[in-house]
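One structure below.
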């Protein structure tokens, strides 16, 4: 096929066309002024689509009406969508010449077709863009973030997948569009610790979509230096990790440094805050009701859940004091627990004052003496204050549904693959909160898909 595709000025809104073997990366509409330039191949690759949701079907229906300015019979189009590529579907109704005319008309209206990335628009406030839900997911090139992107895209949401590493992020988005056959995903680079990077993402979303419906703050860092092989050799069971009993066992293989703590706080708390504040103006423009999901951790909880206490009775019957110490070990300091539980007086200033105090105590070697958690210290504190920030945000923006969620003990890189559940299971909670109905919960903490105490 002659010519090269010029897609740098195209903007994705979630419509993607099937790959064609002759062109390698899709059926391309050439950005050429020559009316004789071929706009598509003569043959189409036929692929069975096993799952087409009503939402995705309706998107194609609306897209067709936008570019042709005429309705289409549901039966004809749905048959073509199930058994053919979407561009074949439109061609089957309009014919080859009509399709060329339709796409030409679409160009005049600000629409284009770039099948390496999908149906595209140069008008950020167009009917179709405002009609689709748009989500931004941070830290989404692997693990839970990537799975959240996949599941949301399958629900018909146009997903902006972000990652600090451009190569890995691009690869992740391409894997969803390619091998997973999920078209409505685009990538944009994002370093949550970099103000300019955050600003560039906000500008991208503003110019390409004009609004935002869902923000999932998933980017995270453990802040710990670890001897991975040494950790594996300990063979610590999941119950010990979850209850916190492993704290003493891992002291020789996990090391908390001051620099690591700074990175941890700047990613898990300040990074989340940075991204959220930059995108709030766009979330306020949501036509479907904004949702913010902050991915937290079991380490964020102020107390150990009752479900984890049963095994402790077997080893602590001789000492009630020992049992009580274990119950409180998530956040041993009573005064810190009280500060973070006082929702009426909780402010960002109070939260950040606690973080500064932690860093001072870490530098002076006073963490345990001053009641800070000793199991993954900076990570635990960062996730605890993230929960507190979630409550502050929810109070400040009552029209939005803003929650935090522990996804479960998922096997991912951040816990050195010691987890026991899959990313598919771990993504269920965040996805559920991203798609909450209008009367859903806000300002709450969830353990996977169940509301829980902070």
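Residue numbers (my numbering): 1046 to 1499.
Don't be surprised by glycine CBs; every beta carbon is placed ideally from N, CA and C.
Small disclaimer: the values here were computed from a predicted structure and weren't measured.
Residue from the options whose Cα sits closest to the Cα of residue i
i: residue 1212; options: 1386, 1186, 1387 and 1205; result: 1186
i: residue 1303; options: 1498, 1315, 1324 and 1406; result: 1406
i: residue 1218; options: 1184, 1439 and 1242; result: 1184
i: residue 1311; options: 1247, 1193 and 1268; result: 1268
i: residue 1327; options: 1493, 1178, 1496 and 1499; result: 1178
i: residue 1263; options: 1486, 1476, 1488 and 1494; result: 1476
i: residue 1251; options: 1330, 1192 and 1398; result: 1330
i: residue 1265; options: 1325, 1285 and 1424; result: 1424
i: residue 1381; options: 1409, 1410, 1346 and 1408; result: 1346
i: residue 1243; options: 1324, 1379, 1403 and 1410; result: 1324
i: residue 1245; options: 1332, 1261, 1413 and 1207; result: 1207
i: residue 1202; options: 1223, 1391, 1231 and 1466; result: 1231
i: residue 1449; options: 1442, 1339, 1398 and 1276; result: 1339
i: residue 1254; options: 1379, 1413, 1468 and 1204; result: 1204
i: residue 1240; options: 1391, 1229, 1209 and 1444; result: 1209
i: residue 1332; options: 1196, 1256, 1214 and 1485; result: 1256
i: residue 1481; options: 1191, 1189, 1188 and 1200; result: 1200
i: residue 1223; options: 1195, 1278 and 1188; result: 1195
i: residue 1285; options: 1404, 1397 and 1344; result: 1344
i: residue 1453; options: 1401, 1469 and 1375; result: 1469
i: residue 1443; options: 1192, 1485 and 1471; result: 1485
i: residue 1501; options: 1400, 1375 and 1410; result: This structure cannot settle anything about residue 1501, because the visible part of the chain is limited to 1046 through 1499.
i: residue 1238; options: 1465, 1401 and 1308; result: 1308
i: residue 1228; options: 1414, 1198 and 1214; result: 1198
i: residue 1316; options: 1411, 1226, 1273 and 1182; result: 1182
i: residue 1414; options: 1398, 1379 and 1306; result: 1379
i: residue 1402; options: 1466, 1306 and 1391; result: 1306
Nonlocal neighbours in the same chain, by C-beta distance under 6 Å from residue i, ignoring five residues either side
i: residue 1385; result: 1433
i: residue 1259; result: 1180, 1336 and 1479
i: residue 1314; result: 1427, 1430 and 1431
i: residue 1017; result: Examination of residue 1017 is not possible in this model, given that the chain is present from 1046 through 1499 alone.
i: residue 1342; result: 1428 and 1451
i: residue 1388; result: 1436
i: residue 1249; result: 1233
i: residue 1069; result: Residue placement at residue 1069 is poorly supported in this model, since its pLDDT is 30, which falls under 50; the coordinates still yield a value, given next. Taken in chain order, the list of residues that qualify is empty.
i: residue 1236; result: 1209 and 1242
i: residue 1441; result: none
i: residue 1411; result: none
i: residue 1275; result: 1298
Residue i - partner residues in DSSP beta bridges
i: residue 1495; result: 1492
i: residue 1439; result: DSSP lists no partner for residue 1439.
i: residue 1337; result: 1260 and 1447
i: residue 1180; result: 1204 and 1259
i: residue 1504; result: What is shown of the chain runs 1046 to 1499, which leaves residue 1504 out entirely.
Nonlocal neighbours in the same chain, by C-beta distance under 8 Å from residue i, ignoring five residues either side
i: residue 1370; result: Since pLDDT at residue 1370 reaches only 43, below the 50 mark, its modelled position is unreliable, and the value read off the structure follows with that caveat. Excluding sequence neighbours, residue 1370 sits near 1377.
i: residue 1271; result: 1298, 1299, 1300 and 1461
i: residue 1393; result: 1318, 1434 and 1437
i: residue 1153; result: Low local confidence applies: a pLDDT of 27 at residue 1153 is under 50, so the model's placement there is unreliable, with the coordinate-based value given in what follows. Taken in chain order, the list of residues that qualify is empty.
i: residue 1281; result: 1291, 1294, 1295 and 1463
i: residue 1321; result: 1260, 1262, 1337 and 1438
i: residue 1220; result: none
i: residue 1189; result: 1263, 1340, 1452, 1455, 1457, 1468, 1471, 1472 and 1475
Other residues of its chain near residue i: CB distance less than 7 Å, five sequence neighbours each side excluded
i: residue 1447; result: 1337, 1435, 1438, 1439, 1487 and 1488
i: residue 1497; result: 1490 and 1491
i: residue 1494; result: 1473, 1474 and 1477
i: residue 1395; result: 1384
i: residue 1408; result: 1303
i: residue 1215; result: 1232
Inset, instruction - Enumerate, from N- to C-terminal direction, the unbroken beta strand (DSSP E) stretches of 3 or more residues contained entirely within the region 1290–1316. - result: 1299–1301
Legend entry - Runs of beta strand (DSSP E) lying entirely within the region 1443–1473, each at least 3 residues, in chain order: 1446–1451
Inset, instruction - Could you tell me which uninterrupted alpha helix (DSSP H) segments, each at least 4 residues in length, are contained entirely in the region 1183–1261, listed from first to last along the chain? - result: 1188–1199, 1211–1222 and 1240–1254
Legend entry - the region 1455–1471 touching the region 1410–1420, judged by at least three CB pairs closer than 8 Å: no
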